[in-house]
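Novice:
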Amino acid sequence: MKTKIVVGMALVLLLVGVIPIVSAPESGYIAVTQLGVTYMVDPIEAAQSAVGFYDYWSASGHTPFMEDVVSKVYLYKDTTTGELSLIMHHSIDNSASGSMRVDFNLEGVPPGAYTALSDDPTHAWNATRPGGHEFDLALEPEGNWYHGANSDGGVIGGLPTDEAWCITVNPDFITGIVAWRFKTPTGAIELDMEHPITICNRIRVYVDIKPGSWPNPLNVNSRGVLPVAICGTEDFDVTAIDPETVQLTLEGLGIGVPPLRWSYEDVATPYEGEPCTGHDLAGDGYLDLTLKFNSPEVIETLGLEDFADGYVVIIILTGNLKEEHSGTPIQGQDCVWILK
Ligand SMILES: [Ca+2]
Ligand SMILES: [Ca+2]
Ligand SMILES: [Ca+2]
Ligand SMILES: [Ca+2]
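Counted from 1, the sequence shown has number 294 at position 311 by the working numbering; the numbering is strictly sequential.
In structure tokens:
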């Protein structure tokens, strides 16, 4: 047993240096979905409020991400307070590209979120909109923007980080804007301007691939089943999960593999260390949802045979709670060690 643990740790130390590890947020996971493809995203972070970051003056925002005739959406975290916001902006101050009209119709904005900023705060151009602002969560559509030579946009503040929610943005790019992007800390996701996006904060669940063992070797020629547990805790009853919605996938893959069958048994203990480290503990007194996946199907659909021998791959599990628990989205992850 001691030898096995040492080998496992050596493996992790060897591989962590060369493999991009996606760090797990403390409370949830944020996913952006458009046309069936889901991307995991992190918020932009800075030590100031979202309104301060938007830097509204001269009828325009002045964030570092503003771009002529391009619309951007992103999540923003104020590291001094932890407040999570959603920032939207279109084009730039002093644009010479002519006028622009954009509407955003939002659905699913969670309770507690509020209109933190409207660019612009006065709405003189549209007499049919009852006073208020160009961006206002109390109006329909929430975003109703027109500008000549400046930016437009808005900020939603107060998004809960410890509960699940999904905001859908239905865009209507009427004139002027030529591209739409979701900005991330490392780049941007190019969005289709004709279709809505859904931004979801999911409840984090603890996942254990091959419960009771670590590291989790997966031979790409395996013909059997891959056991996976979703761990129950003092605060989380796994019978709230709808097992039929559970899938294994990879980040950004867009498709997943459902389980063959499932049952309820105490076989695993949550592991709270760094991603792609683990333990071989079995039951802890809390009931787990145990799922069996068809190994060849997982290997083929996730393309695991394309990884080199010895690679450690992050496997993502997604699903939903049952309808009586509002169908709340859940997500967790664990890693497999590819063997050939
Ligand atoms: Ca305007
Ligand atoms: Ca403006
Ligand atoms: Ca395991
Ligand atoms: Ca357990």
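Quick reminder that beta carbons are idealized off the backbone N, C-alpha and C, glycines included.
Quick caveat: nothing in here was measured; it's all calculated off a predicted structure.
How about T222: is its Cβ closer than 8 Å to a heavy atom in ligand 4?
Specialist: no
Novice: Among the residues of its own chain, which have a CB less than 8 Å from the CB of S225, if the five just before and after it don't count?
Specialist: At residue 225 the sequence reads Asp, which differs from the Ser that was named. Only residues of its own chain outside the window of five on either side were considered, and among them G302, N303, L304, K305, E306, G310 have a CB closer than 8 Å to the CB of D225, listed in chain order.
Novice: Give the DSSP-derived three-state secondary structure of T222 in the structure shown.
Specialist: It is helical.
Novice: DSSP beta-bridge partners for S101?
Specialist: G137
Novice: Using 8 Å as the Cβ pair cut-off and three pairs as the minimum, do the region 30 to 40 and the region 187 to 206 touch?
Specialist: Contact between the region 30 to 40 and the region 187 to 206 is absent, because fewer than three Cβ pairs lie under 8 Å.
Novice: In three-state DSSP terms, what is I75?
Specialist: DSSP places I75 outside both helix and strand once states are collapsed to three, so it counts as coil.
Novice: Any idea what DSSP makes of S196, helix, strand or coil?
Specialist: coil
Novice: So who's on the other strand from F118, going by DSSP bridges?
Specialist: G126
Novice: According to DSSP, C149 sits in a beta bridge with which residue or residues?
Specialist: C183
Novice: D249: which of P241, Y269, R187 sits nearest, CA to CA?
Specialist: Y269
Novice: According to DSSP, is A251 helix, strand or coil?
Specialist: Coil.
Novice: For F156, I'd like the list of residues in its chain whose CB is within less than 6 Å of its CB, leaving aside the five on either flank, ordered along the chain.
Specialist: V85, M176
Novice: Start and end of the alpha helix (DSSP H) containing G35?
Specialist: 33 to 37
Novice: Expressed to the nearest angstrom, what Euclidean distance is found between the alpha-carbon atoms of P124 and L89?
Specialist: 7 Å
Novice: Is D135 near ligand 2 - that is, is its Cβ less than 8 Å away from at least one heavy atom of it?
Specialist: yes
Novice: In chain order, what are the residues with a CB under 6 Å from some non-hydrogen atom of ligand 3?
Specialist: D191, I192, K193, P194, S196, W197, N199, G261
Novice: By Cβ distance below 6 Å, which residues in the same chain neighbour Y57 in space, the five residues on each side in sequence not counted?
Specialist: I27, I70, K166
Novice: Based on Cα-Cα distance, which residue from A212, N204, P104 lies nearest to K323?
Specialist: N204
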